[in-house]
Structures are given as structure tokens and as C-alpha cells.
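Colleague:
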Amino acid sequence: MGTKRIVRISYFTMLTIVGALFHVPFFGTPVDYTLQAVFAVIAGMMLGSIDGALSQLLYLVLGLLGLPVFTKGGGFSYVFQPTFGYLLSLPVAAFLAGKLIGKKSLSPWRSFLCAFAALLLLYAIGIPYQVLIYLFREKYALAAAFKTVPSVLIMLCIDKLVLWLFCLVYPRARSLIGRTDEISA
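So, in C-alpha cells, the structure goes:
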């Protein structure tokens, strides 16, 4: 693995950390809006499936080792947080985005469809994990667990908008990073 490739992976790991630091609380739910999901999908788009997933795996490892890179800290006990399912799905979403985009130069609309599919996968893993943690954590928590889902769906709409805006500049961003065929696997 070359230095340039390691630096690119590290940049997207750092971008995800910054995305966790920017968080907006939603009233009535412990789930905050962050930019982690968007940055994970963008990592896959920009770096390719393997390197995008590696950047997100590195982020997960740093957080699970105890570095406070997650929205509310870090450490292995974070596995029991309702939002850990979203974190767990970051590498999967980055990988899917990279696979769907591939080495092709796509129109903004097609790029968006690929990115949105990866984002939907992220939420499809995160929402059930969130509900399960609430069910195991509190007695009679089914109603409380499902009560948080509408706010998460609002977050999905915000993420969708941010991804659309990124897809409008994606061809230019891709040329700036100098993505080459050996980077996208």
C-alpha cells in the first residue's frame, strides 16, 4: 500500500471524525444528526469500495479502542449504544457506494442513485439495531423505540439532500482527488 493511498484513506477517516463532532440533537430522541453517514458514502464514491470501507473500518477501530471519535465518546461499551448500528454499517455503506459507482464517470443523477442506495443500506442496518438496543435496555420500550424512527427518517431526508448536493460536484471532486483505477477495487 503506497503512501498516497494511506493518506487518502486517513483523510476520509478524519472527515468521518469531523462528521461525528458536528452533531445536532433531535428533541425526544437520543439520536443526534451527524454527517458520518454522508461522509462514509462519499468515502466509497471517492476512494472506491475497498479503500472507502478501510477508511470507515479505521474509524470504527479508533473509536472502539477508546479514542473519543464517536459522537458521544468511544470505547467498546459503545456497542450497547442505540446508534452503534449506524456506525457498524459505515464500512458496508462505503463499500457499496464504491462498488456501485465503480470506475465509471456517471451523471449526477446516476451518482446520486448509487449513493442513495448505499445510504439506504446504512439506515436499514442502523434502525433495527437502534430498536433492538432500546428493547433490551428498557422494559416496555417498544413504543419508545419506534418513537425515535420518525426523527431518523428526517435525518435520512437531510442526508439525501446533502448527498444530492455532493453528486452535483462529484465529477469535479473526483478529478481533484486524482482517483485512479488502482484505488477503486
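All the letters of the sequence shown, read from the start, carry residue numbers 9 to 193 under the numbering used here.
Glycine residues also receive a C-beta, built at the ideal position from the N, C-alpha and C atoms.
As the structure is a computational prediction, the values presented were derived from the model and not from experiment.
1. Have a look at L55 and G82 and give me their C-alpha separation to the nearest angstrom.
2. Just how far apart, CA to CA, sit V26 and L143?
3. Give me, in chain order, the residues of the same chain whose beta-carbon lies closer than 7 Å to that of A105; leave out the 5 immediate sequence neighbours on both sides.
4. Mind the definition here: the segment 159-167 touches the segment 101-120 only if three or more C-beta pairs lie below 8 Å; say whether that holds.
5. May I ask you to report which of helix, strand or coil DSSP gives V77?
6. Which term fits L132, buried or exposed, when burial requires 16 or more other beta carbons within 10 angstroms of its beta carbon?
7. Please state whether DSSP places V49 in a helix, a strand or coil.
8. How about Y137 and F92: are their beta carbons less than 8 Å apart?
9. Give me, in chain order, the residues of the same chain whose beta-carbon lies closer than 7 Å to that of I62; leave out the 5 immediate sequence neighbours on both sides.
10. Under a Cβ-count criterion, where at least 16 other Cβ atoms within 10 Å of its own Cβ denotes burial, should G71 be classed as buried or exposed?
Modeller: So, to answer that:
1. As a position in the sequence shown, residue 55 is number 47, starting the count at 1. As a position in the sequence shown, residue 82 is number 74, starting the count at 1. Looking at the two C-alpha atoms, the distance is approximately 26 Å.
2. For the purposes of this step, residue 26 is identified with residue 18 of the sequence shown, where counting begins at 1. For the purposes of this step, residue 143 is identified with residue 135 of the sequence shown, where counting begins at 1. Going from the Cα of V26 to the Cα of L143 covers about 30 Å.
3. The sequence position of residue 105 within the sequence shown is 97, counting from 1. Excluding positions up to five away in sequence, the list reads V49, G52, M53, G60, C122, A123 and A126.
4. no
5. By one-based count along the sequence shown, residue 77 stands at place 69. Reduced to three states, the DSSP call for V77 is coil.
6. Counting from 1 along the sequence shown, the entry for residue 132 is found at position 124. First, the amino acid is wrong: residue 132 is Ala here, not Leu. Its Cβ having fewer than 16 others within 10 Å, A132 is exposed.
7. To locate residue 49, count along the sequence shown from 1; it is residue 41. Correct three-state label for V49: helix.
8. The residue given as residue 137 occupies position 129 in the sequence shown. The residue given as residue 92 occupies position 84 in the sequence shown. Yes.
9. Locating residue 62 in the sequence shown gives position 54, counting from the first residue. In the sequence as displayed, the identity of residue 62 is Leu instead of Ile. For L62, where only same-chain residues beyond five positions count, the Cβ hits under 7 Å are I17.
10. Within the sequence shown, numbered from 1, the residue matching residue 71 stands at position 63. Buried: at least 16 other Cβ atoms inside 10 Å.
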